[in-house]
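Here the protein sequences come in this chain order: A and B.
The first sequence: position 415 = 414 (numbering that gives the first Met the number 0), numbered continuously.
The second sequence: position 156 = 155 (numbering that gives the first Met the number 0), numbered continuously.
What follows is a single structure, written as C-alpha cells, with notes after it.
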Amino acid sequence: MAKILGIDLGTTNSAMAVMEGGEPRVLENQEGNRTTPSIVSYSKSGERLVGLLAKRQAVVNPTNTIFSVKRLIGRKFTDEEVTRDKAWLPYELRASGQEGVEIKMGEKWYKPEEISAMILQKLKLDAEAKLGEKIDEAVITVPAYFDDSQRQATKTAGEVAGFKVRRIVNEPTAAALAYGLNKKKDEKIVVYDLGGGTFDISILEVGDNTVEVKATGGDTHLGGDDFDKIIIEYLVDEYKKQEGVDISKDSLALQRLKEAAERAKHELSTAMETEINLPYVTSDANGPKHFLIKLTRAKLESLVGDLISRSIALVKEAVTAPAPKGAGLKLTDIDEIVMVGGQTRMPAVQEAVKKLFGKEAHKGINPDEVVAIGAAVQAGILQGDVKDILLLDVTPLTLSLETLGGVSTPMIQKNTTVPTGKTQVFSTAADNQTSVEIHVGQGERPLMADNKTLGRFILDGIPPSPRGVPQVEVTFDIDANGILNVSAKDKASGKSQSIRIEATTSLNKEEVERLKKEAEMYAAEDQKKRELIETKNQAESAVYMAEKSLREGGDKIATDVRSGVEEKVKKVKELQEGTDVELLKTAITELSQEMQKIGTAMYNKDTSADPQTEEEKKSDTSSSEDQADANNNDNANNNN
Amino acid sequence: MSEQEQGELNKRIETVEKERQEYLDGWRRAKADFINYKKEEAERFTSVAKFANESLLLELILILDSFTLGLSVLKNDKDAEKGMGLVKLQLEEVLKRHGLEKIPISLGKQFDPTTQEAVGEVVSGSPPGTVAEVAEDGYTLNGKVLRATKVKLSKNKSKEK
C-alpha cells in the first residue's frame with residue numbers, strides 16, 4: 000500500500016512524517032535533517048535551490064531568495080497583512096491579474112503557491128528517496144485561521160508538486176491528533192504554538208471524533224527569533240560596557256555571537272547558567288579581544304519576560320473574549336493544553352502557561368515535529384493503517400523455572416507479546432543425578448516459593464555423570480491463546496517430557512495486580528534472600544571444586560597446602576549453614592585464594608615434566624571452572 | 000448428504016477459505032513487516048553509530064575555530080605560534096580519526112551551496128560570485144556536511160556603483 004506523506008508546511012521550516020507499522024516516523028531530508036527551511040532561491044549561477052542550500056546563499060542573494068511565502072499564499076495584494084509584510088520582505092512583490100500576489104525570483108514572476116510547490120516537491124523527492132517508494136498522496140497542514148482562499152492555494156501548491164492532496168488539516172488539530180486527543184469526548188483544548196517567527200493560539204473543541212476550531216488568536220510576528228534578537232542585543236550591550244567595543248560592527252564576530260546566543264538559549268532550557276565563551280572574537284588597536292559572559296536562566300527570563308507576558312495576554316484574550324474575537328470560555332473550562340514550536344521548550348514559557356491554566360501542558364512529543372507527526376496520523380487514518388485488526392496479548396506475569404536453592408529463573412519476562420518461545424540449557428546440581436524436576440511458576444518474586452506454581456514434572460533417565468555435565472534443554476512456548484507448553488529434553492539420552500498449561504494470560508486482573516504489588520512490596524527483602532541463596536550456591540560449587548581438586552591431586556599436593564584448603568573448606572561449610580552473606584562471601588574468596596596455592600605449588604613442582612602433561616592439567620582446571628559456572632543455574636532437585 | 004447440508008458445507012468451506020486467506024495474508028504481512036523492521040533497525044543503528052559523535056564533534060570544531068583565530072594573531076611570537084600550532088594539530092588529528100574531514104576549498108572557484116555558506120561579499124580580483132575568502136572552515140562527517148564552509152564571495156566593484 001502506497002504511503003501518504005504528512006507535511007507540516009511551515010513559515011520558516013517544514014517537516015514531514017509517515018506512518019510505519021502503526022507508528023508515525025519523521026523523515027529526514029536529503030541533507031540528513033529532520034526539518035527543511037521553507038526557502039526557495041534562484042541562485043546567481045542560474046540554479047533553483049530549495050531548503051538549506053537556498054538558505055546558505057540568502058545573505059548574498061537577498062532579492063532572489065524567497066522565504067516566509069506562507070505569509071503571502073492565497074492572499075490579495077491589497078490585504079493589510081501583505082502591505083505590512085511587503086515593507087520588510089527583501090524580494091519584490093506585485094499584484095497579479097486576479098487580485099493575487101506575485102513574487103519576483105530571477106527574471107520571472109511566480110505565484111506564492113508555485114513557490115510553496117517547489118518546497119513541497121523537494122519534500123516529496125526526499126521522502127521518496129528515503130523510503131525507496133513512490134509517494135503520490137499527502138496531508139498538508141495549515142494554520143487554523145487560514146481562510147478558504149489560503150487553503151485552496153495550499154492545496155493547489157500540493158497538486159503542482161505532484162501530490163494528490165488527500166486533506167488540508169489545521170495545524171492545532173494535527174498537534175492534538177499527535178497526542179491522541181481526538182479520542183476524547185467533549186473536551187476543550189488550547190494549542191499554544193510559538194514557532195520561529197509566528198505565534199498561533201487555537202481553541203479546539205473535541206467531540207464524537209470531530210475537532211472544531213472555536214477561536215484563533217496570536218501574533219504573526221512573534222516567535223523564537225525575537226527571543227534570539229533580545230539576547231544578542233543584551234550581549235552586545237554588555238560587551239560594550241565590559242570592553243568598550245561594539246561587536247555588532249564586526250559582521251563575522253556578530254555571526255559567531257548569534258550562533259553562540261542560540262546555543263546558550265537552548266542550554267538554559269536544561270541548565271541554570273551557561274557561559275558564552277568566544278576567544279579571539281574580534282580585535283582592536285591593542286590586539287585580540289575575547290568574549291566571555293555568563294548568562295543565567297534568571298537573566299534570560301527577565302530579558303524575554305515581556306515577550307512571554309505578551310503571549311500569555313493573547314492566550315487569555317483568545318480563550319475568554321466573546322465571539323468572534325475569542326471562544327467566550329472561562330480559563331477553567333480548558334481541559335488540555337498542547338505545546339507546539341521550538342520556543343515552547345523554554346521552561347519559563349511552560350511555567351507561564353501552566354500558571355495561567357493551573358494544569359500541565361502536553362509536551363512529550365518534539366514540539367518542532369508534533370504537527371508533521373499529527374499530519375502523518377491523519378494520513379494513517381485515511382489509508383487505514385491505524386486500525387489494528389489483529390490484537391495480540393501479552394503475558395501479564397513472568398514465567399519462570401525453579402533452579403538450585405529455590406530460585407525462580409525467568410524464562411519469559413512479563414509484558415512479552417505472545418506467541419513467543421524461549422529455550423535454555425540447564426544442568427544437574429549433584430553428581431550422578433539421574434532426574435530433574437521441572438517446576439514452572441508465574442510471578443515477579445525471585446524465589447519460587449513466593450510465586451504461583453503452574454505445574455511440575457520430572458524428567459528422568461539422565462545417564463549418571465558428574466554435576467554440571469548433563470545438558471537439559473528446557474523450552475517454554477506460549478501460543479496466541481496463552482497456552483504454555485513446557486518441555487525438557489536430555490541431550491545425551493534424547494529423553495524428553497513435557498507439560499501443557501492452559502490460560503496463562505487469562506489471570507483475572509485482581510490477581511495480576513496483587514502479584515505485582517507483592518513483588519514490589521517485598522523487593523528489598525527478596526533481593527536479600529536471593530543473594531543469600533546465590534552465595535550459598537557459589538559456596539557449594541567452591542567446596543565441590545576444592546574437594547575434587549584435593550581428591551584428584553592426591554599425593555602431589557603438599558601437606559601444608561592440603562590442610563590449608565581443608566581448613567577453608569570447613570569454614571565455608573560452617574558458614575553455609577548460617578545467614579550472613581558477607582562472611583560467607585569472604586570465606587569463599589579465601590577458599591579460592593587458598594586453592595590457587597594448589598595450582599602454583601603443582602606448577603612449580605612440574606616445571607621439569609613434559610609439556611603434554613602440563614597441557615592436560617591446564618585444560619582440566621578450565622573445564623572444572625566451566626562446570627562451576629554452569630552450576631549457578633543448576634536445578635536443585637535431586638530425585639535420586 | 001442432503002442438498003441443504005451440502006450447501007451449508009460449501010458455504011462453510013467458503014467462509015473458512017476466506018478466513019484462511021485473510022489470516023495467511025496477515026501472517027505474511029506481519030512476518031514481512033518484522034523482517035523489514037529488522038533490516039531498517041540495523042540500518043538505523045549503523046547510521047546512529049556513524050553519527051553518534053555528531054554533536055560532540057560540532058562542539059569540538061568550535062574549539063578548533065578558536066585555535067585558528069588565536070594562531071592568526073600569534074604571528075609575532077614564533078615559539079608560541081609553533082606550540083599552539085602543534086596543540087591545534089593534535090586536536091585536528093583526533094577529530095580526523097573520528098571521521099571528521101575538512102572540506103577542501105579553492106579560492107576563485109564558483110560558489111557551491113552544497114558545502115558552502117555565503118556570509119558576505121568582498122571586492123576582489125576574481126569573477127563575481129566566486130569564492131573570495133574563507134571565513135570559517137567547514138567539515139564533513141562520514142560524507143555528511145556537518146558544518147558548511149563559511150565563505151565571502153567576490154563582487155564587482157563597478158556593479159556596486
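Note that the Cβ used here is the ideal one computed from N, Cα and C, for glycine as well.
These numbers were taken from a predicted model, which means no experiment stands behind them.
Bridge partner(s) assigned by DSSP for residue i
i: residue 438(A); result: 455(A)
i: residue 697(A); result: An answer regarding residue 697(A) cannot be provided, because it is not within the stretch 0 to 639 covered by chain A.
i: residue 8(B); result: Paired residue(s): none; residue 8(B) is not in a bridge.
i: residue 568(A); result: Paired residue(s): none; residue 568(A) is not in a bridge.
i: residue 192(A); result: 199(A) and 339(A)
i: residue 640(A); result: Limits of chain A in this structure are 0 at one end and 639 at the other, which puts residue 640(A) out of reach.
i: residue 409(A); result: 399(A)
i: residue 425(A); result: 471(A)
i: residue 477(A); result: 419(A) and 483(A)
i: residue 146(B); result: 138(B)
Among the options, the one whose alpha carbon lies nearest that of residue i
i: residue 440(A); options: 433(A), 345(A), 453(A) and 514(A); result: 453(A)
i: residue 180(A); options: 377(A), 572(A) and 293(A); result: 377(A)
i: residue 282(A); options: 251(A), 265(A) and 269(A); result: 251(A)
i: residue 543(A); options: 561(A), 418(A), 145(A) and 465(A); result: 465(A)
i: residue 404(A); options: 427(A), 138(A), 420(A) and 160(A); result: 427(A)
i: residue 646(A); options: 65(A), 347(A), 117(A) and 101(A); result: The structure shown does not extend to residue 646(A), since chain A is modelled only from 0 to 639, so the question has no answer here.
i: residue 34(B); options: 25(A), 20(A), 46(A) and 448(A); result: 20(A)
i: residue 425(A); options: 355(A), 400(A) and 519(A); result: 400(A)
i: residue 99(B); options: 42(B), 9(B) and 142(B); result: 142(B)
i: residue 513(A); options: 574(A), 430(A), 450(A) and 333(A); result: 450(A)
i: residue 565(A); options: 545(A), 416(A) and 584(A); result: 545(A)
Neighbourhood of residue i by C-beta distance below 6 Å, restricted to the same chain and skipping five residues each side
i: residue 278(A); result: 289
i: residue 233(A); result: 302
i: residue 211(A); result: 204
i: residue 499(A); result: 484
i: residue 11(B); result: none
i: residue 35(A); result: 13, 28 and 50
i: residue 153(B); result: 123, 125, 127, 129 and 131
i: residue 610(A); result: Only weak support exists for where residue 610(A) lies, its pLDDT of 42 falling under 50; the value from the coordinates is given anyway. Answer for residue 610(A): no residue qualifies.
i: residue 385(A); result: Since pLDDT at residue 385(A) reaches only 47, below the 50 mark, its modelled position is unreliable, and the value read off the structure follows with that caveat. Counting only Cβ-Cβ distances below 6 Å, and skipping sequence neighbours, we find 379.
i: residue 616(A); result: For residue 616(A), the pLDDT reaches just 37, beneath the cut-off of 50, and the residue's location in the model is therefore unreliable, although a value from the coordinates is still provided. Contacts found: none.
i: residue 333(A); result: 187, 189 and 356
i: residue 26(A); result: 15, 126 and 129
Closer than 7 Å: residue i CB and nearest the ligand GDP heavy atom
i: residue 415(A); result: No copy of the ligand GDP occurs in the structure displayed, which carries no ligand at all.
7 Å CB neighbourhood of residue i in its chain, flanking five on each side removed
i: residue 366(A); result: 338, 339, 340, 341, 343 and 344
i: residue 578(A); result: 531
i: residue 167(A); result: 139, 141, 150, 153 and 154
i: residue 347(A); result: 300 and 307
i: residue 96(A); result: none
Own chain partners of residue i with C-beta closer than 8 Å, once the 5 adjacent residues on each side are dropped
i: residue 494(A); result: 458, 459, 460, 461 and 488
i: residue 229(A); result: 302, 303 and 306
i: residue 148(B); result: 102, 104, 114, 115, 116, 133, 135, 136 and 137
Contacts that residue i makes with chain C (C-beta to C-beta distance below 8 Å)
i: residue 58(A); result: No chain C appears in this structure, whose protein chains are A and B.
Query raised in the report: Can you find at least 3 beta carbon pairs, one from the stretch 358-376 of chain A and one from the stretch 326-344 of chain A, that sit closer than 8 Å?
Result: Yes: at least three Cβ pairs fall under 8 Å.
Report task. Could you name each continuous alpha helix (DSSP H) segment of 4 residues or more that falls completely within the stretch 273-335 of chain A, going from the start of the chain to the end? Result -> Counting only unbroken stretches of 4 or more residues, the alpha helix (DSSP H) elements lying wholly within the stretch 273-335 of chain A are 296-319, in sequence order.
**Report entry** Length-filtered (3 minimum) beta strand (DSSP E) runs lying within the stretch 62-128 of chain B
**Finding:** Fully enclosed beta strand (DSSP E) runs of 3 or longer: 99-101 and 115-122.
Query raised in the report: Within the chosen definition, does the stretch 183-198 of chain A reach the stretch 306-317 of chain A through at least 3 CB pairs nearer than 8 Å?
Result: Yes: the two stretches touch, three or more of their Cβ pairs being nearer than 8 Å.
**Report entry** Contact the stretch 456-469 of chain A vs the stretch 515-532 of chain A: 3+ CB pairs below 8 Å
**Finding:** Flag = no, the stretch 456-469 of chain A and the stretch 515-532 of chain A do not touch.
Query raised in the report: Taking three-plus beta-carbon pairs below 8 Å as touching, is the stretch 261-276 of chain A in contact with the stretch 237-249 of chain A?
Result: Touching, no, given that fewer than three Cβ pairs across the two stretches are closer than 8 Å.
Query raised in the report: Counting pairs of Cβ atoms below 8 Å between the stretch 64-71 of chain A and the stretch 124-136 of chain B, do you hit three or more?
Result: By the Cβ rule, the stretch 64-71 of chain A does not count as touching the stretch 124-136 of chain B, because fewer than three pairs are nearer than 8 Å.
Report task. Flag this pair as touching only if the stretch 44-53 of chain A and the stretch 402-417 of chain A have three or more C-beta atom pairs under 8 Å; answer yes or no. Result -> The answer is no - the stretch 402-417 of chain A does not touch the stretch 44-53 of chain A, with fewer than three Cβ pairs under 8 Å.
Report task. Pair every Cβ in the stretch 101-112 of chain A with every Cβ in the stretch 144-156 of chain A, then say whether three or more of these pairs are closer than 8 Å. Result -> At 8 Å Cβ cutoff, the stretches touch.
Query raised in the report: What residue ranges within the stretch 151-179 of chain A form continuous alpha helix (DSSP H) runs of no fewer than 4 residues, ordered along the chain?
Result: With a minimum length of 4 residues, the continuous alpha helix (DSSP H) runs that stay inside the stretch 151-179 of chain A are 170-177.
Report task. Report yes or no: do three or more beta-carbon pairs, one from the stretch 506-517 of chain A and one from the stretch 393-406 of chain A, lie closer than 8 Å? Result -> Verdict: yes, contact present.
Query raised in the report: At a cut of 8 Å, does the stretch 56-65 of chain B reach the stretch 90-98 of chain B through at least three beta carbon pairs?
Result: With the cut-off at 8 Å, the stretch 56-65 of chain B and the stretch 90-98 of chain B touch.
Report task. Count the C-beta pairs between the stretch 82-96 of chain A and the stretch 125-132 of chain A that are closer than 8 Å, then say yes if the count reaches three, no if not. Result -> Flag = no, the stretch 82-96 of chain A and the stretch 125-132 of chain A do not touch.
Requested in this report: Quick one: which unbroken beta strand (DSSP E) runs of 3-plus residues sit fully inside the stretch 203-249 of chain A? Chain order, please.
Outcome: Within the stretch 203-249 of chain A, the runs of beta strand (DSSP E) at least 3 residues long that lie entirely inside it are, in chain order, 209-218.
Query - Complete beta strand (DSSP E) runs within the stretch 493-551 of chain A (minimum length 3 residues, chain order) - result: Taken in chain order, the whole beta strand (DSSP E) runs of length 3 or more contained in the stretch 493-551 of chain A are 495-500.
Requested in this report: Report yes or no: do the stretch 348-364 of chain A and the stretch 310-326 of chain A share at least 3 C-beta pairs separated by less than 8 Å?
Outcome: In short, these stretches touch, since the Cβ pair count reaches three.
**Report entry** Length-filtered (3 minimum) beta strand (DSSP E) runs lying within the stretch 109-150 of chain A
**Finding:** 136-141, all fully within the stretch 109-150 of chain A.
Query - Length at least 4, wholly inside the stretch 11-94 of chain A: the alpha helix (DSSP H) runs in chain order - result: Complete alpha helix (DSSP H) runs here, min 4: 51-55 and 79-87.
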